[in-house]
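Q: Residue numbers for the sequence shown follow the working numbering, beginning at 18 and rising by one. Just so it is clear, CB atoms sit at the ideal spot from N, CA and C, and this is done for glycine as well. Values in this document were obtained by computation on a predicted structure and should not be read as measured data.
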Amino acid sequence: MNITRTTSTNTNTTATASMAVITTSLLIVIIGLVGNGLIVYAYIRFRQLQTITNYFIFNLAVTDLLLVAGLASWVMIDLYPSDRLLEIVVVNIDVLCCSASMLSLTAASVDRYLAVTRPLRYEQLITRSRARKATLFIWVYSLIMFGLSVARYLMYKRVFDTVFMTTLTIMSFGIPALAMIFAHLSICRCAWNAKKRSRDIHGLSRRRSKDIAHILREDF
């Protein structure tokens, strides 16, 4: 009798936890679809928003939409198991989307870094052609990593798995993270130096005004 009650309690707890996870996942999916969908719509709809910087943000929103769609598929497959290959593809969709997302964030950070630190050469350094090439590289690289991740599941070998995960961590997360940290620290340094120069100029201007006023008082 006690065993039956314990089993029933465990089943109810598991069902409640599962429903909580599913509900949270669906909320994330809805918020992600609405938020990123608005970004994509605004970029396509309003021509004045179609700048190079916003182009990278638009690409980031597209990757997040795919990631949200992958999360929704993941939940559905968890509820209704289907073909193994389809499950592997859906489970590994985060490799594609996270790689593209990190690289898109890095591209946007580098764009802002050059705009702040190289304002006079920015338009020559960052062109629409180069932005498109960077986006093409992001997606080709992400698709390659996605294909390797799927292959890793189909023909599981410990050595290949270790090499792949190490490469993925370094190339898709480590290097982009360091690049973004460097870019944002450089932007902060430029902003601090500009503020310091403005403060020095303001202080010098005030001192000169006082000196001029003092000289005028002495003359009269």
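Does the Cβ of Cys205 have 16 or more other Cβ atoms within 10 Å, making it buried, or fewer, making it exposed?
A: Sequence index remark: in the sequence shown, residue 205 carries index 188 (1-based). Burial call: exposed.
Q: For Leu120, tell me which candidate among Leu84, Val133, Asn76 and Ile110 has the shortest Cα-Cα distance.
A: Here residue 120 corresponds to residue number 103 of the sequence shown, with the count starting at 1. Cα-wise, what sits closest to Leu120 is Asn76.
Q: For the structure I just gave you, are there three or more beta carbon pairs, one from the region 197-204 and one from the region 119-137, closer than 8 Å?
A: Because the criterion of three Cβ pairs below 8 Å is met, the region 197-204 and the region 119-137 touch.
Q: Leaving out the 5 sequence neighbours to the left and right, which residues in its chain are closer than 8 Å to Val85 when beta-carbon positions are compared?
A: Position 68 of the sequence shown, counted from the first residue, corresponds to residue 85. For Val85, where only same-chain residues beyond five positions count, the Cβ hits under 8 Å are Ile45, Val46, Gly49, Leu50 and Asn53.
Q: By a C-beta neighbour count over all protein chains shown, 10 Å radius and 16 as the cutoff for buried, is Met172 buried or exposed?
A: Here residue 172 refers to the residue found at position 155 of the sequence shown. Burial call: exposed.
Q: Given a threshold of 16 other Cβ atoms within 10 Å of its Cβ, counted over all protein chains shown, does Gly87 qualify as buried or as exposed?
A: For the purposes of this step, residue 87 is taken as residue 70 along the sequence shown, with counting starting at 1. It counts as buried.
Q: Quick check on the burial criterion: 16 or more other C-beta atoms within 10 angstroms. Buried or exposed for Asn19?
A: Along the sequence shown, one-based indexing puts residue 19 at 2. At Asn19, the pLDDT of 48 sits below 50, so the modelled position is not reliable and the matter cannot be decided from this model.
Q: Using a C-beta cutoff of 8 Å, does Ile198 count as contacting chain C?
A: No chain C appears in this structure, which consists of one protein chain only.
Q: If you follow the alpha helix (DSSP H) that Lys150 is part of, which residue opens it and which one closes it?
A: Here the question's residue 150 lines up with position 133 in the sequence shown. Run containing Lys150: Arg145 to Leu171, per the alpha helix (DSSP H) assignment.
Q: Under the three-state reduction of DSSP, which class applies to Asn109: helix, strand or coil?
A: Your numbering for residue 109 matches position 92 in the sequence shown. Asn109: coil per DSSP, three-state reduction.
Q: Phe75 by DSSP, collapsed to three states: which one?
A: In the sequence shown, the residue the question calls residue 75 occupies position 58. It is helical.
Q: Please classify Thr153: is it buried, with 16 or more other beta-carbons within 10 angstroms of its beta-carbon, or exposed?
A: Position 136 of the sequence shown, counting from 1, holds the residue named residue 153. Going by the sequence as given, residue 153 is Leu instead of Thr. Classification of Leu153: exposed, given that the 10 Å Cβ count is below 16.
Q: Buried or exposed for Tyr72, please, with buried defined as at least 16 other CB atoms from any protein chain shown within 10 angstroms of its CB.
A: Here residue 72 refers to the residue found at position 55 when the sequence shown is read from its first residue. So Tyr72 counts as buried.
Q: Going by other Cβ atoms of all chains shown within 10 Å of its Cβ, with 16 needed for buried, is Ala37 buried or exposed?
A: The residue given as residue 37 occupies position 20 in the sequence shown. Exposed, because fewer than 16 other Cβ atoms sit within 10 Å of the Cβ of Ala37.
Q: In whole angstroms, give me the CA-to-CA distance for Leu66 and Lys212.
A: Along the sequence shown, read from residue 1 onward, the residue named residue 66 stands at position 49. Along the sequence shown, read from residue 1 onward, the residue named residue 212 stands at position 195. For Leu66 and Lys212, the distance between alpha carbons rounds to 29 Å.
Q: Given this structure, state the Cα-to-Cα distance separating Leu195 from Ala125, to the nearest angstrom.
A: Here residue 195 refers to the residue found at position 178 of the sequence shown. Here residue 125 refers to the residue found at position 108 of the sequence shown. Cα to Cα, Leu195 sits roughly 14 Å from Ala125.
Q: Taking its Cβ as the centre, do 16 or more other Cβ atoms sit within 10 Å of Met74, making it buried, or is it exposed?
A: As a working note, residue 74 is residue 57 in the sequence shown. Reading off the sequence, residue 74 comes out as Ile, not Met. Buried.
Q: Hey, quick one: how far does the alpha helix (DSSP H) through Leu142 stretch, first residue to last?
A: In the sequence shown, counting from the first residue as 1, residue 142 sits at position 125. Tyr139 to Leu142 is the extent of the alpha helix (DSSP H) around Leu142.
Q: With DSSP collapsed to three states, give me the class of Phe63.
A: Residue 63 sits at position 46 when you count from the first residue of the sequence shown. Phe63 falls in the coil class under three-state DSSP.
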